[in-house]
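Student:
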Amino acid sequence: MSHDHDDNHHGPDGHSSGHSNVDWREHGVKVIPGNSLDPNTAQTPGMNRATAINQARAGAEKIWAGTVTIHANAKTGAHHHGDLESIIYVVKGRARMRWGDNLEFVAEAGPGDFIYVPPYVPHQEINASRDKTLECVLVRSGQEPVVVNLDIEPVEKPEEVLWKDPIHK
């Protein structure tokens with residue numbers, strides 16, 4: 001049985017098809033040192049965001065990545081990120097997330113945990129520690145630095161929500 005295509009998508013010259021004239025040195029893998037991130041991005045009071053990967057810095061077209069730091073015993077204002085999806089990976093510290101129209105839901109995450117924030121979800125990040133900085137890596141589904149800061153009166157006692165894998169319920 002013969003195939004009309006090569007499963008590896010490589011041409012006879014060994015290069016990926018359609019990319020044989022690309023300067024991979026200039027347009028290949030980029031390593032961005034942690035000490036050279038760019039703080040000139042949209043901010044929310046209570047947190048510091050810094051850009052690692054975007055179009056201008058690395059040539060990314062569909063994603064944005066950077067870091068988020070929240071000082072000990074601090075919290076952000078309520079906000080959302082428009083139609084962007086966000087993934088937060090907790091590196092150090094304890095994150096408390098509140099979300100909902102009145103920030104009525106809450107969940108916590110620690111080092112090694114991932115947090116997914118769908119588009120338009122009103123949310124607030126809180127450093128659950130009184131004396132340690134919360135450090136996270138943030139990845140977004142788009143390039144636009146969309147941050148819509150909201151004026152929300154939070155409920156006093158949010159409902160704790162424990163995540164359950166929908167596949168393994």
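The sequence shown begins at 1 in UniProt numbering and counts up one residue at a time. Heads up, the beta-carbon is just placed ideally off N, CA and C, and yes, glycines get one too.
1) Where does the unbroken alpha helix (DSSP H) through A58 begin, and where does it stop?
2) Write down every uninterrupted run of the alpha helix (DSSP H) in the stretch 22-51 whose length is 4 residues or greater and which is fully enclosed by it, in chain order.
3) According to DSSP, simplified to helix, strand and coil, what is P12?
4) Got a sec, what are the start and stop residues for the beta strand (DSSP E) G66 sits in?
5) List the whole-angstrom C-beta distance separating R94 from L138, where the pair is believed to meet the contact cut-off of C-beta under 8 Å.
6) Run through DSSP, which three-state label would P158 get?
7) Nearest by alpha-carbon distance to R98: which of D151, P158 and I70 is it?
8) Write down the C-beta distance between G77 and P45 rounded to the nearest angstrom, noting that I regard them as a contact closer than 8 Å.
9) Whose C-beta lies closer than 6 Å to the C-beta of A107 among residues of the same chain, with five residues either side of it excluded?
10) Taking three-plus beta-carbon pairs below 8 Å as touching, is the stretch 68-75 in contact with the stretch 28-48?
11) Taking C-beta to C-beta, are C136 and I63 nearer than 8 Å?
Tutor: This is what the structure gives:
1) Where A58 is concerned, the enclosing alpha helix (DSSP H) stretches over Q55 to A58.
2) Complete alpha helix (DSSP H) runs here, min 4: 24-27.
3) Legend: pLDDT at P12 = 45, less than 50; position of this residue unreliable, no value from coordinates given.
4) W64 to I70
5) About 17 Å separates the two Cβ atoms, so there is no contact after all.
6) coil
7) P158
8) 5 Å
9) M97 and V161
10) Contact holds between the stretch 68-75 and the stretch 28-48, because three or more Cβ pairs, one in each stretch, are under 8 Å apart.
11) Against a cut-off of 8 Å, the Cβ pair of I63 and C136 comes out as no contact.
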